[in-house]
Structure formats: structure tokens, C-alpha cells
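In terms of our numbering, the sequence shown opens at residue -18 and continues consecutively.
Just so you know, even glycine gets a beta-carbon here, dropped at the ideal spot from N, CA and C.
Scroll down for the structure; my scribbles are underneath it.
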Amino acid sequence: MKNTFFCIQCFAIGIIAIFITSCEVVKVERFTDNDSYWAKSETIAVNQGLAANIDVDIAIIGGGYTGLSSAYHLAKNNPGLKIAVFEAKTLGSGASGRHGGMVLSSLLDEYTDKETFKWTYDLSVANMRFIDSLSKAFNIPCNLVLNGYCETIFDEDDVQDYVDYVKEANAAGIPLEFWNKTKTKEKLGTDLYFGAMYDPNGGSVHAVKLIKLLKTAAEKYGIVIYENSPVVSFAEGKTVTLSVQSENKSFEVTAKNIVVATNAYTTKLGIFKNKIMPVHTQVGVTEPLTQIQLNAVQWQSKLPFYDSRIMLFHLVLTPDNRIVVGGGNVDTYWNNGIEYKGNIAKIADMMLDELIIMYPELKGIKFEHVWNGIIGTTLDEVATVGVMGEHKNIFYGLAYNGHGVNQSILFGDVIAHLYADKYHGWKDTENYGYKLSKIPPEPFKFIGSNIFFKYWKWKDRH
-18 MKNTFFCIQC FAIGIIAIFI TSCEVVKVER FTDNDSYWAK SETIAVNQGL AANIDVDIAI
42 IGGGYTGLSS AYHLAKNNPG LKIAVFEAKT LGSGASGRHG GMVLSSLLDE YTDKETFKWT
102 YDLSVANMRF IDSLSKAFNI PCNLVLNGYC ETIFDEDDVQ DYVDYVKEAN AAGIPLEFWN
162 KTKTKEKLGT DLYFGAMYDP NGGSVHAVKL IKLLKTAAEK YGIVIYENSP VVSFAEGKTV
222 TLSVQSENKS FEVTAKNIVV ATNAYTTKLG IFKNKIMPVH TQVGVTEPLT QIQLNAVQWQ
282 SKLPFYDSRI MLFHLVLTPD NRIVVGGGNV DTYWNNGIEY KGNIAKIADM MLDELIIMYP
342 ELKGIKFEHV WNGIIGTTLD EVATVGVMGE HKNIFYGLAY NGHGVNQSIL FGDVIAHLYA
402 DKYHGWKDTE NYGYKLSKIP PEPFKFIGSN IFFKYWKWKD RH
């Protein structure tokens, strides 16, 4: 009966997609303000929008982690360059300001040799230390905690795979640990999982406080940041021409080089059109736990974790004892839609139910706030950084597949090295210039992705 219902749903999705195609609905979508808990709990002064045509050496499109990190590294390494950042809304309005708060190392799921595995990991760990040192240098705390994180094992059949993976990582010099069910329960307080893989490098951060840090660092080196100034298009050439809107007016920006740092929103610029798919995910934050609740759940390590389900759940315990939880659902819309149209209250109930399954002692707890965010996903589940265009003056770092907090900031450094034609260790990894696989066009993308999402949800439950 359940399988029949699943098939009916899939058929219905196909009919809807065909109907939309036949109607040829065209709608101009709007960028949305960051309404996350992070944005509500930390304010940043908003810069003015563009008010005149300008000429710059480097124009950076996107004011998230990739864009601000690129700006900082480019300006620091190349004094005298005229660099400007253009953000469609306010800084951090994309995934950078809406994520679940986890900071992860760049572990490879697959690798061809131990050396590649090790230096990829080491570079990502070094970048975490860079973020920490930057926070201290500018005296801007961002609740960065780097005590590690866990990937928990939801399916007992996967335990041996994790044991083997940890052994191979250890042989390469990567300090992962396998925890059995008992130790996982002891450290995380939940007995839902059959074990965990612990990585001592990683942790959690306040998303918008990190934006404030990167903005401050970039502006110190002379970067000019324009907010509420979306780049609606650009024309490639030896000099790139960008069309920017601000206060209902259009302005022209000419730049010798540009950096595309728009991740999930990149297809709206007309590039990576069938390579990146925006996927909507939801996150909730609870009211602060009381000391009685903290004692009851026994989350002794306070380590953030995410689990091994396809529609994975991720949890972070904040310094003021709130639980940030997300997962269990994704949405994608026609023609790479960036406006959320789902029932967020329904998703919130689902996430809260899952939290209670993990920690029954929290029965009755409420979400204080729930929000939606968009991640840039690819068929390969691989991020990419590099330079393209006939004149090799279009730099990019994007497609983080939901694991971009640390990697996006690292890619800013990679982009600065590429601009200066200097070697960076990341150039020897698969991410450099990675040719993303093509995603089928509409209506096949809409039909296929929604069928897969429904199947994955079903599979996680069975």
C-alpha cells in the first residue's frame, strides 16, 4: 500500500511538471532577507548600495563567506587594487548566514592516494586555524569552537564501512576515531545511533558573527562593499561589464576581473546553468535548555554532529544551550527557483519530532525560530574552484553541497593565489577546476529531483 502511494505521488509530480511546461510560466524571483536566528541575534551595519557607474580592478559578486574571504585575501596580498563586493541583499543572506552552525574538515569520501587524502585534510584544518587567528586579531568573537564533531551511524549495516574508513584515514595520518554505540551514547547522550566517527578538527560557529568578522577584515584592507545591489548580468570580455541594480536604478560596473561567489544563486547569472541546483533546507533553534534539561540529555561532550541518513539531520549545541537542528527534508523548485514555497510549520514539527526521538527527555520543548536556506548542490557532490573565460578573468568558488562553511573561506584564499598566479596546495586536489556533471534540463530536473527526494525520505524510514 505504501509503495502504491509513493508511485502515485511520483506520477502526480510528473503531471504537474508537464502542466507547468505547457503554461510556460515566467516569473521574476526576488532575493529574500536573511531571517535566520543568527541574523536576529547579531546585527551588522548595512552598507549603502551602488549609486554610480564605477570601474574596478576586481568585482566580486556575492557577499557571503566566499566573496568576503576572496576580498580579504586579494586585498591583503595585492595592495593598491581597487576591489568592490556586490551583494544582492545584505551580507550573509545566502547559505553563509542561514546554515546550521557546523564547521567541518574537508574529508574525502573517496581518494586515489593517501597523500591527496592527507593534504586535503591538512589544508582544511589549517584554514580553521586561520579563522580562529583572524577572530583574535580583530578581537571579534564568533562563537568559534573547534573541539571536533561527529558523523553518527544511523544504519547498523554501515558500521563496518565506518570502521574500515577510519582505519584507512589513520593509515594516511588523519586522526579520526571510531566510537561504538556505548561511547556514542556516553558522548552525545542519544542511543539512536549504532556508533560514530569522531573528527577532532571541526566544530561550530555563529554564522552571522563570522560574516561580521570577514566584513571587518575585508574593509580594513580597503574593500568597498555595496549591499542591496544585485548583479543581474555580466558580459564577458577582456574587461567584464556588469549590470547592477540599486534603488530601482541600473548602473554599469566595468572590471578587469570578476569573482563569482554566488553558490546556489549562480544559475541566475546565466552560468553553471545545468551544473548547480539550488536546494532549500530548513533549520530550527530551540529555546535555551534549562540546567535540568541539560542534565537529563547528557550531551556531555557538547560536540556537534550530523548523521548518516541520506536526508541527514545535523545538531549543534550553542554556547547559551540552544539546540540548532536541521535536516530530514529538502525542496527544489522549477527552473532553479530561489523563493521558498513550502510549509515551514510542517517541516518544523517534523524536525522537532525527530529531536524528541533523539532526546526523549526534551519532550515539550519548542522551537524559538525556524528558517529556510538554500544550498548549491551538484550531481557529483563536489565543490569547485578555478578560473574560466576566454581571457581567464572570471574566478569562481562554489557548489559546496551543504558543507561550505570552512571550505568557502578556504576557496577565497585559493582564488587570491590563482589571481596572483601563485601555487596553492588546493590546486592539486580534485576540486580545482572540477568539471561538474550536467544536470538534465526541465522538466526532467524537476521530475527527477522530486522523485529522488521522495525515495530518499522513504528509504531513510525503512
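query                                                                                                                                                                                                         : result
Cβ atoms of V240 and I25: under 7 Å apart, would you say?                                                                                                                                                     : no
Note down, one range per segment and in chain order, each alpha helix (DSSP H) of at least 4 residues found wholly within the region 24 to 62.                                                                : 46 to 58
What does K230 pair with, by DSSP beta-bridge criteria?                                                                                                                                                       : S227
For the candidate residues D301, D38 and G78, whose alpha-carbon lies nearest to that of G61?                                                                                                                 : D38
Could you work out which residue in G154, A152 and F175 is closest to W160 when comparing CA atoms only?                                                                                                      : F175
Considering only their Cβ atoms, is the gap separating C123 from K57 smaller than 7 Å?                                                                                                                        : no
I need the DSSP call for K196, collapsed to helix, strand or coil.                                                                                                                                            : helix
Using 8 Å as the cut-off, can you tell me whether the region 364 to 380 makes contact with the region 213 to 222, which would need three or more C-beta pairs spanning the two stretches below that distance? : yes
May I ask you to list the residues that DSSP assigns as paired with I304?                                                                                                                                     : L298
Along the chain, where does the alpha helix (DSSP H) containing I252 start, and where does it finish?                                                                                                         : Looking at the DSSP string, I252 is not in any alpha helix (DSSP H), and its letter there is neither H nor E.
What are the complete alpha helix (DSSP H) segments, minimum 4 residues, inside the region 321 to 380?                                                                                                        : 325 to 339
Would you list the one or two residues that DSSP bridges to G154?                                                                                                                                             : DSSP, once it has assigned bridges, lists no residue as partnering G154.
For Y436, count the other beta carbons within 10 Å of its own beta carbon; 16 or more makes it buried, fewer makes it exposed. Which is it?                                                                   : exposed
Starting from V278, trace the beta strand (DSSP E) in both directions and tell me its first and last residue.                                                                                                 : No beta strand (DSSP E) contains V278, which is instead part of the alpha helix (DSSP H) from Q272 to V278.
Is the separation between the beta-carbon of V234 and that of L223 shorter than 7 Å?                                                                                                                          : yes
Report yes if the C-beta distance between G73 and G45 is below 7 Å; otherwise report no.                                                                                                                      : yes
May I have a chain-ordered list of the beta strand (DSSP E) segments no shorter than 3 residues that lie completely inside the region 64 to 90?                                                               : 64 to 67
What are the boundary residues of the alpha helix (DSSP H) that includes V395?                                                                                                                                : V386 to Y400
Whole angstroms are fine: how far does the CA of E411 sit from the CA of N34?                                                                                                                                 : 39 Å
Please name the residue, chosen from S22, V212, N182 and D103, that lies closest to E158 on a Cα-to-Cα basis.                                                                                                 : N182
With the cut-off set at 7 Å, would you say Y130 and D94 are in Cβ contact?                                                                                                                                    : no
For N238, which three-state DSSP category applies?                                                                                                                                                            : strand
Can the beta-carbon of M83 be found closer than 7 Å to that of H295?                                                                                                                                          : yes
Which of helix, strand or coil does DSSP assign to T2?                                                                                                                                                        : Because T2 sits at a pLDDT of 40, beneath the cut-off of 50, its placement in the model cannot be relied upon, and the following sentence gives the value as read from the coordinates. Reduced to three states, the DSSP call for T2 is helix.
Taking F119 as the reference, which of K403, T197 and E208 has the closest Cα?                                                                                                                                : T197
Use the C-beta contact count for I447: other C-beta atoms within 10 angstroms, 16 or more gives buried, fewer gives exposed.                                                                                  : Because the chain in this structure spans residues -18 to 443, residue 447 falls outside the shown range and cannot be described.
If I measure Cβ to Cβ from F286 and keep anything under 8 Å in the same chain, skipping five residues before and after, which residues do I get?                                                              : Y130, C131, E132, T133, L169, A177, H295 and L296
Which of the three DSSP states is assigned to Y202 in this structure?                                                                                                                                         : coil
Measure the C-alpha to C-alpha separation of L104 and N310 and round it to an integer number of angstroms.                                                                                                    : 31 Å
Short check: CB of I319 to CB of P259, under 7 Å?                                                                                                                                                             : yes
Rounded C-beta distance between V66 and A76? I'm assuming under 8 Å.                                                                                                                                          : With a Cβ gap of about 17 Å, V66 and A76 do not count as contacting.
Take the Cβ of D334 as the centre, count every other Cβ of all protein chains shown within 10 Å, and call the residue buried at 16 or more, exposed below.                                                    : exposed
Can you give me the Cβ contacts of S3 inside the same chain, cut-off strictly under 7 Å, excluding the 5 residues immediately before and after it?                                                            : Note on S3: pLDDT 35, under 50, position unreliable in the model; the coordinate value appears next. Counting only Cβ-Cβ distances below 7 Å, and skipping sequence neighbours, we find nothing.
Would you report the Cα separation of F427 and D312, rounded to the nearest angstrom?                                                                                                                         : 10 Å
What would DSSP say about Q263, mapped onto helix, strand or coil?                                                                                                                                            : strand
Taking the beta strand (DSSP E) that T133 falls in, what are its first and last residues?                                                                                                                     : Y130 to T133
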